[in-house]
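Novice:
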Amino acid sequence: MGILILFWATATVAVASAIAMLFMRNAVHSALMLIVNFFCIAVFFLMLGSQFLFVVQIIVYAGAIMVLFLFVIMLLGVDPQERLRERIPGQRWVALLLGAGLVAEIVVAVRLGLGLSSGHAARLAALNRGGNVRALAGVLFNRYFFPFEVTSVLLIVAAVGVVLLGRRQAGDASARSGASSGATGTGPAQVMPGPGSEPGGDLERVP
Amino acid sequence: MGLIPYVPLIPLAAAVILLLTGKLWRGRSAGWLATAAIAASFALAVALLVKLDAMPAAHRELAHHVYEWITVGTFTVGVTFQADPLSIVMALTVTGIGSLIFLYSIGYMDGDERFPRYFAYLSLFVFFMLTLVLADNFLLLYVGWEGVGLCSYLLIGFWFERASAANAAKKAFIVTRIGDAAFLIGIVLVWTHFHTLEFAAVFAGAGSTAFTTRSATVIALLFLAGAAGKSAQLPLHTWLPDAMEGPTPVSALIHAATMVTAGVYLIVRSLPIIERSPDAMTTIAILGVVTSIYAGFSAIGQDDIKRVLAYSTISQVGLMIFAAGLGDPSAAIFLLVAHAFFKALLFLSAGSVIHGLHDEQDMMRMGGLRKAMPFTAVAWIIGALAIAGVPPLSGFFAKDEAVAAAGLLGRDGLWICGLIASFLTAVYMGRATFMVFFGAPRYEGEPHEPAPVMRVPMGVLAFGTLFAGLLGVSPTTGILPTYLGAPVFPSNAPSEFVLDTIAVVLALLGLGLAWFAYGSGRIDWVALRVRFAWVKRPLQRGLYVDDAYGLVLGDGGKLAAAALAAFDRSWVDGLVGLVAHATESLASVGRRLQTGLVRTYAAAFLLGAVCVLWFLVLRAT
Amino acid sequence: MKTPTEWYLIVSALLFTIGTVGVLVRRNALVIFMSIELQLNAVNLTLVAFSRQWGNLVGQVLAFFSMTVAAAEVVVGLAIIVALYRKRGTANVDDANLLRW
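As given, the protein sequences belong to chains A, B and C, one line each in that order. The first sequence begins at 512 in this note's numbering and counts up by one. The second sequence begins at 2 in this note's numbering and counts up by one. The third sequence begins at 7 in this note's numbering and counts up by one.
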């Protein structure tokens, strides 16, 4: 009973915050709404028996990614008020129509029970004996070890790419206008992150 | 037998030499070379005649196979020259008259800057003409046929600096081409029926019943079309009067004695095929006599001395074809030979007059020339009397034999037409004679007789004109008829004497009429010309046949071309333009898809994804 | 009494759709990016829901990897947006229409 109430409450907040994110004129406000949404999803993870992901969601998504977003928003000095008028004729109608169609489809699919066989929640509880982290580690480092290592390479590549992309070019508008940017250095030399990075560990150092 | 190929080849050699080395020949030496070549051919032809004469009558044929020209599967054509009575007579005429004209040309063309080339063309022409008459198959004949057409073009347009000469040459070639095309189709049909083109085999097969009258009619009419083109008969006669732009000896040789008679030769040679179709024979006879009458009337209206002779040629050749169509080939050939003599004589005399008056051809500016140029006048008068049919000159025997054949066969309608043609001949020749040589002088300058080198051929031709009649005194027992094969006339035919008398009376009547009008001084014919200009003008324009062609084909062709051009511009170009325009319109609509905005592209993605998802969901239900 | 998996799926669908509509409607590049992140999260939710449904941890592992990759992707994407902003002086997506007809 309690869990149902929790579910409905969380679901409402999640959807409401998502819609709010859509409607906010100010980019910072949108980011904040999204953070609320992420928290709700974290709760969902918890309810679904994945404690590890609950924590990781908060730390990585809400804690790192959204912070990064906020940094960039404030760095760019984005125009705080986006124009209300839609310049592409019919775009909003198309979006609403297609969105409705998408939802309808998925609801139909779900209702038809596509892909849903009989549940085995009990098994999951058995698996989680000894803690979700241990169980996850057991799967991750045994069966999915190779993708795990590849992901680490991916992160290194991303870091390198970001460093390269972040360099100031000669024709930059903000360089011309002389806008100061506190976090970025003006010279080509950047501090390269060290090797052997763990997932999520490099994010603080990226400008 | 080995002699036969040399008859055409010696003039060919002369032609090639003169074409390649023309400029090296100084003075008149080129002319003497060409004359010697054709005289040699004449000598060889005489030798062949003697040889043939020694053979029995039924087997008079010599052939010499030079080489196998075409072998494609079952289609074989060889270059083989044959000598039989018909071809030898033709060859003798060509080379004999030709030699005299070559001699005359040496004097006439003296001083012309392209003197050697003239003789090269003339020799080339003789080669082709001899190939034509000595061929033993239709294709080789056709080679000669086309070759003489080419040389005619070259010689008519010899003074090509004159636009009128160049146009006349083109006209001659193009009009005869129409006939040539029909002739070629006829040859193809011959091959279709007989699977061979050799005369002997074809004529042997012509008698079989497998060769239907219908096929014979078709082939005969096609051959007639070819002959009409080459021999200037209606309706393909318009080139001959204009062909007088060429030098007068050319007119004498090609357009009087030889090339225009090629059509007659073709019909006479092909009689075994043509006789299978009585309708074709009648058509040929009618065409011949109608052309003859038409040309006779037209000749009365001409003021240019050479054009009178041109229409006269059309008229006489018409009578030859008339005779062939009646089934009397020997009469046709006899007239051909006699006509060669007197027409060449008339042309050379005309050339002498023109030369003496310094290139004056308008008869209105001549008159009374018999006092200044007596020799020429005598030569002309001999020729004129001959062509009018006054006995005992050759023309009487030859022309009236042709006309009398109709009467002897009992075809009175055609006979009367033939008499009308003869009457007209006398009228126009008389008119020309009296206008040029009699009456008060209307010319300027001091005319003089031509050089001896020109007078000798005229004299020889006059002699021949006087006595060539001996060759065919009687249509049934004369020398030439028996040589060529005399026709058999029905026994109830009127007597020859009666027919001939009627013809002579008409000839004298015609001459008398001409004398009365032009020579006697009793009628002011100069004023009459003006008064009756509405009669004279159509006659002079040849009853506007040529003008009609120009209007229908020339202007009509230009109109059709303009219409097609307009159609092309508006419809065809418009269609292409329409395609381009449609593409452009379509593209200008389609390009609006490229908004350049990411969000519209994103919307497109979403649309696609939604559709795919719906498809999958619906499929699973 | 556990919450039926279908509910989670429907919530996830709603969130995904809202994210999609956000991509189409908003003009600010950063907000579009945030909508994409919302989409990714909705999918993660679906994955974990199915993980519970079928009683194995594959879904959770997949969600884990998805998060990792999303992090890397955000990093690079933001760097691109920053570079674009420096070049053009605007973060408005509609201003990048050079491929227009």
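Even for Gly, the Cβ is constructed at its ideal location relative to N, Cα and C.
9 Å is my cut-off, CB to CB: does C/Leu104 come that close to chain A?
Specialist: No, because no Cβ of chain A sits closer than 9 Å to the Cβ of C/Leu104.
Novice: Am I right that A/Ala525 and A/Asn548 are in contact with their C-beta atoms under 8 Å? What's the rounded C-beta distance?
Specialist: With a Cβ gap of about 6 Å, A/Ala525 and A/Asn548 count as contacting.
Novice: What residue range is occupied by the uninterrupted alpha helix (DSSP H) comprising C/Gln45?
Specialist: C/Gln45 -> alpha helix (DSSP H) spans Ala35 to Trp60.
Novice: Kindly say whether B/Val618, judged by its beta-carbon, lies nearer than 9 Å to any beta-carbon of chain C.
Specialist: So no, B/Val618 is outside the interface.
Novice: Consult DSSP for A/Gly601 and reduce its assignment to one of helix, strand or coil.
Specialist: It is coil, neither helix nor strand.
Novice: Starting from the beta carbon of C/Gln45, find every residue of chain A whose beta carbon is closer than 7 Å, and list them in chain order.
Specialist: Within 7 Å Cβ-Cβ: nothing; C/Gln45 doesn't reach chain A, min ~10 Å.
Novice: I'd like to know whether the C-beta atoms of B/Leu133 and B/Tyr7 end up nearer to each other than 9 Å.
Specialist: No, the pair does not count as a contact, with Cβ atoms beyond the cut-off.
Novice: Pop quiz: A/Val567 and C/Met73 are said to be a contact at Cβ under 8 Å. What is the actual Cβ separation, rounded to whole angstroms?
Specialist: Between C/Met73 and A/Val567 the Cβ distance is about 6 Å, and since that is below 8 Å, they are a contact.
Novice: Mind checking which residues open and close the alpha helix (DSSP H) that includes B/Trp516?
Specialist: Taken as a continuous stretch (DSSP letters only), B/Trp516 belongs to no alpha helix (DSSP H), as it is neither H nor E.
Novice: With a cut-off of 9 Å, does the C-beta of C/Trp13 fall near any C-beta of chain A?
Specialist: Closer than 9 Å: yes.
Novice: Between B/Leu623 and B/Phe424, which are expected to be in contact by the criterion C-beta below 8 Å, what is the C-beta distance as a whole number of angstroms?
Specialist: Here chain B has residues from 2 to 622 only, and residue 623 of chain B is not among them.
Novice: Under 7 Å Cβ to Cβ from B/Met365, same chain only, skipping five residues before and after it: list those, please.
Specialist: Contacts found: Asp304 and Arg443.
Novice: Going by alpha carbons, who is nearest to B/Val67 out of B/Gln83, B/Arg61, B/Ala58 and B/Asp54?
Specialist: Of the candidates B/Gln83, B/Arg61, B/Ala58 and B/Asp54, the one whose C-alpha sits nearest the C-alpha of B/Val67 is B/Gln83.
Novice: By the 10 Å Cβ neighbour count, where 16 or more other Cβ atoms means buried, how is B/Trp381 classified, buried or exposed?
Specialist: B/Trp381 comes out buried.
Novice: Count the other CB atoms within 10 Å of the CB of C/Val29; is the residue buried (16 or more) or exposed (fewer)?
Specialist: Buried, since its Cβ has 16 or more Cβ neighbours within 10 Å.
Novice: Give the range of the alpha helix (DSSP H) segment to which C/Tyr14 is assigned.
Specialist: C/Tyr14 -> alpha helix (DSSP H) spans Thr11 to Val31.
Novice: For the pair the stretch 537–549 of chain B and the stretch 453–471 of chain B, tell me if three or more CB-CB distances fall below 8 Å.
Specialist: Flag = no, the stretch 537–549 of chain B and the stretch 453–471 of chain B do not touch.
Novice: Of the residues that make up the stretch 594–609 of chain B, which ones have a beta carbon closer than 7 Å to any beta carbon in chain C?
Specialist: Hits within the stretch, in order: Gln595, Thr596, Gly597, Leu598, Val599, Arg600, Ala603, Ala604 and Leu607.
Novice: Are the stretch 49–57 of chain B and the stretch 22–30 of chain B touching, with three or more C-beta to C-beta distances below 8 Å?
Specialist: Because the criterion of three Cβ pairs below 8 Å is not met, the stretch 49–57 of chain B and the stretch 22–30 of chain B do not touch.
Novice: Using 8 Å for Cβ pairs, my map puts B/Phe335 next to B/Glu402. What's the rounded Cβ distance?
Specialist: At roughly 6 Å, the Cβ-Cβ gap stays under 8 Å, so B/Phe335 and B/Glu402 are in contact.
Novice: At 4 residues or longer, what runs of the alpha helix (DSSP H) sit wholly inside the stretch 293–366 of chain B?
Specialist: Correct list: 306–327 and 330–357.
Novice: Compute the beta-carbon to beta-carbon distance between B/Gly578 and C/Arg106, rounded to the nearest angstrom, for a pair I have assumed lies under 8 Å.
Specialist: Rounded, the Cβ-Cβ distance is 29 Å, inconsistent with contact.
Novice: Residues of chain A with CB closer than 9 Å to the CB of B/Leu614, please, in chain order.
Specialist: By Cβ distance, chain A contributes Gly612, Leu613, Glu616, Ile617 and Ala620.
Novice: How far does the alpha helix (DSSP H) with B/Glu585 in it reach, from first residue to last?
Specialist: Looking at the DSSP string, the run of the alpha helix (DSSP H) that includes B/Glu585 is Asp574 to Gly591.
Novice: Cβ atoms of B/Thr262 and B/Leu225: under 9 Å apart, would you say?
Specialist: Not in contact: B/Leu225 and B/Thr262 (Cβ atoms no closer than 9 Å).
Novice: Assuming the contact rule is C-beta atoms closer than 8 Å, B/Leu320 and B/Ala422 should be a hit. Round their C-beta distance to whole Å, please.
Specialist: B/Leu320 to B/Ala422, Cβ: 6 Å. Contact.
Novice: By the DSSP assignment, the alpha helix (DSSP H) with B/Val203 in it spans what residues?
Specialist: Run containing B/Val203: Phe200 to Ala207, per the alpha helix (DSSP H) assignment.
Novice: So which residues of chain A does C/Val37 contact, with C-beta pairs closer than 9 Å?
Specialist: Residues of chain A passing the Cβ test: Met532, Leu533, Met535, Ala538, Ser541, Ala542 and Glu593.
Novice: Span of the beta strand (DSSP E) holding B/Glu114?
Specialist: It is not in any beta strand (DSSP E) - B/Glu114 carries neither H nor E in the DSSP assignment.
Novice: Could you check the C-alpha separation between B/Leu507 and B/Ile89 for me, to the nearest Å?
Specialist: When rounded, the distance between both Cα atoms is 34 Å.
Novice: What is the rounded straight-line gap between the Cα of A/Phe657 and the Cα of C/Glu79?
Specialist: So the alpha carbons of these two residues sit roughly 20 Å apart.
Novice: Mind listing the chain A neighbours of C/Val99? Cutoff is C-beta to C-beta under 7 Å, in chain order.
Specialist: Those within 7 Å of C/Val99 in chain A number zero; the least Cβ separation is about 11 Å.
Novice: Consult DSSP for B/Ala528 and reduce its assignment to one of helix, strand or coil.
Specialist: B/Ala528: helix per DSSP, three-state reduction.
Novice: From the DSSP output, read off the bridge partner residues of B/Gln83.
Specialist: B/Ala64.
Novice: Are at least three pairs of beta-carbons, each pair with one atom in the stretch 227–247 of chain B and one in the stretch 169–187 of chain B, less than 8 Å apart?
Specialist: Output reads yes: the stretch 169–187 of chain B touches the stretch 227–247 of chain B.
Novice: Say whether the stretch 411–418 of chain B touches the stretch 276–296 of chain B, bearing in mind that this needs 3 or more beta-carbon pairs closer than 8 Å, one atom from each stretch.
Specialist: Flag = yes, the stretch 411–418 of chain B and the stretch 276–296 of chain B touch.
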